[in-house]
Amino acid sequence: MKYLVVGPAWVGDMVMAQSLFKQLQQDDAEAIIDVVAPTFSLPILQRMPEVNDTIDLPFGHGEFAFSGRRALGKSLRERNYDKAIILPRSFKSALVPYYAEIPVRVGFGGELRSWLLTDVRKRKPTVVDGKINDMTVKRFLSLGLTPEQAATENYQILPPALETNTENRFALMNQHELSTERPIVCICPGAEYGPAKQWPVEYHAELARQLVAKGYQVWVLGSPKEMAAAEQIAPAGLPHLYNFCGKTKLADTIDLFSMADAVVSHDSGLMHVAAATGVFTVAIYGSSSPEFTPPLSENKQIIYLGIDCSPCFKKTCPLGHYNCLKDISVEQVLNTICHSEPQPSEIESTHGKTEQ
Numbered sequence: 001m002k003y004l005v006v007g008p009a010w011v012g013d014m015v016m017a018q019s020l021f022k023q024l025q026q027d028d029a030e031a032i033i034d035v036v037a038p039t040f041s042l043p044i045l046q047r048m049p050e051v052n053d054t055i056d057l058p059f060g061h062g063e064f065a066f067s068g069r070r071a072l073g074k075s076l077r078e079r080n081y082d083k084a085i086i087l088p089r090s091f092k093s094a095l096v097p098y099y100a101e102i103p104v105r106v107g108f109g110g111e112l113r114s115w116l117l118t119d120v121r122k123r124k125p126t127v128v129d130g131k132i133n134d135m136t137v138k139r140f141l142s143l144g145l146t147p148e149q150a151a152t153e154n155y156q157i158l159p160p161a162l163e164t165n166t167e168n169r170f171a172l173m174n175q176h177e178l179s180t181e182r183p184i185v186c187i188c189p190g191a192e193y194g195p196a197k198q199w200p201v202e203y204h205a206e207l208a209r210q211l212v213a214k215g216y217q218v219w220v221l222g223s224p225k226e227m228a229a230a231e232q233i234a235p236a237g238l239p240h241l242y243n244f245c246g247k248t249k250l251a252d253t254i255d256l257f258s259m260a261d262a263v264v265s266h267d268s269g270l271m272h273v274a275a276a277t278g279v280f281t282v283a284i285y286g287s288s289s290p291e292f293t294p295p296l297s298e299n300k301q302i303i304y305l306g307i308d309c310s311p312c313f314k315k316t317c318p319l320g321h322y323n324c325l326k327d328i329s330v331e332q333v334l335n336t337i338c339h340s341e342p343q344p345s346e347i348e349s350t351h352g353k354t355e356q
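Note that UniProt numbering gives residue 83 to position 83 of the sequence shown, counting from 1, and the numbers run on in steps of one.
And the structure:
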């Protein structure tokens with residue numbers, strides 16, 4: 001079977017999509033999987049051994065670009081794909097497989113796009129113990145199954161595992177004059193979604209200071225958007241603090257994470273990247289929920305307070321207090337890094353320990 005998968009538009013979702021690719025190859029060892037995806041996510045896909053080829057979708061986030069998508073679809077006809085799996089739910093995301101004339105096109109209905117699909121699925125979140133169970137990775141996996149298989153909700157989640165590049169790792173070490181003499185903690189202060197996912201930057205700065213005092217070195221990673229935060233966390237000239245924001249590529253973060261002892265991140269794309277490298281990941285949740293988008297790794301600790309107003313899934317705090325994040329102390333995160341022996345799927349909560 002030859003697949004064309006239309007990948008999601010977020011880094012974290014693209015990492016989680018690897019579970020689908022693994023499932024497809026587990027079901028058919030000869031499966032050929034090509035992925036059409038936004039330019040920024042191609043380096044992530046190129047670290048997934050299940051992906052045969054990556055196809056650039058060179059359009060901006062939210063850009064309709066009808067003629068460009070139609071032209072791209074037509075250019076793919078000669079590849080003779082058997083099946084397309086469209087992970088995003090937008091109208092525009094279904095255009096490339098339609099114009100590629102792929103005979104089977106699977107995706108969720110929505111945005112009046114059903115006529116572009118041959119297998120229209122309904123998104124039906126299930127309710128478990130009174131809570132909505134709508135994990136992103138399960139939605140992706142369901143599209144790789146028959147409707148009958150998907151209805152069972154009996155999914156085997158194969159965790160993402162991104163490959164590292166040893167040569168690039170050595171090059172980064174030399175370029176930035178890095179050493180592994182001190183244990184490494186990476187801090188990722190960004191969250192593209194909005195401030196309701198971001199632990200206060202002053203907390204990150206205090207965490208970094210205390211980590212250095214305990215014998216660690218701290219690497220701050222993120223995009224140029226996090227430069228101001230990174231400069232506060234890792235001021236220039238202070239020993240054992242390194243600011244990589246805007247100085248490394250997305251693929252570089254994979255190789256830097258692979259050298260770390262722990263990564264501290266919000267519910268963000270880099271959290272999923274870190275988890276997929278196997279490093280111990282401390283995931284801080286505020287307005288979102290670990291029930292929906294947990295790091296798909298056993299080597300993790302999720303810190304989530306679960307206060308009455310969360311998860312609200314808002315970009316900014318509707319009540320203006322951000323207590324779901326501010327009430328997570330520096331000491332709690334520090335102790336998690338230094339002393340905790342995390343158990344698989346364990347969540348720290350004000351309501352006690354709960355299983356994911």
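All C-beta atoms, glycine included, are put in the ideal place defined by N, C-alpha and C.
How would you label Ser297, buried or exposed, when you count the other beta carbons within 10 angstroms and need 16 or more for buried?
buried
Apply the 10 Å Cβ neighbour rule to Gln217 and answer buried if 16 or more other Cβ atoms are within range, or exposed otherwise.
Counting Cβ neighbours within 10 Å, Gln217 comes out buried, since at least 16 surround it.
Less than 6 Å between C-beta atoms, sequence neighbours within five positions excluded: which residues of the same chain meet that for Arg169?
Excluding its 5 nearest sequence neighbours in each direction, Arg169 has C-beta neighbours in its own chain below 6 Å: Asp255, listed in chain order.
Give me the Cβ distance between Lys214 and Cys338, rounded to the nearest whole Å; I'm assuming they're in contact under 8 Å.
6 Å
At 4 residues or longer, what runs of the alpha helix (DSSP H) sit wholly inside the region 128 to 188?
Correct list: 136 to 143, 147 to 151, 166 to 175.
Considering just the uninterrupted stretch of the alpha helix (DSSP H) at Ile44, what are its terminal residues?
Going by DSSP, Ile44 is part of the alpha helix (DSSP H) stretching over 42 to 45.
In the DSSP assignment, find the beta strand (DSSP E) that holds Tyr304 and state where it starts and stops.
Segment 300 to 304, the beta strand (DSSP E) holding Tyr304.
Just to confirm my understanding: we take Ala100, look at its own chain, exclude 5 residues before and 5 after, and list those with CB closer than 6 Å. What are they?
Excluding sequence positions up to five before and after Ala100, its CB lies within less than 6 Å of the CB of Gly73, Leu76, Arg77, all in the same chain and listed in chain order.
Go ahead and pull the three-state DSSP assignment for Pro38.
Reduced to three states, the DSSP call for Pro38 is strand.
With respect to 7 Å, is the separation between the Cβ of Pro318 and the closest non-hydrogen atom of the ligand ATP below this value?
The ligand ATP is not part of this structure, which contains no ligands at all.
Output the distance between the C-alpha atoms of Val330 and Glu206, rounded to the nearest integer angstrom.
7 Å
For Asn154, tell me which candidate among Thr164, Glu163, Val137, Ala161 has the shortest Cα-Cα distance.
Val137
Going by DSSP, what residues sit across from Lys74 in a beta bridge?
As DSSP reads the structure, Lys74 sits in no beta bridge.
Please report the straight-line C-alpha distance between Leu250 and Ile44, rounded to a whole angstrom.
7 Å
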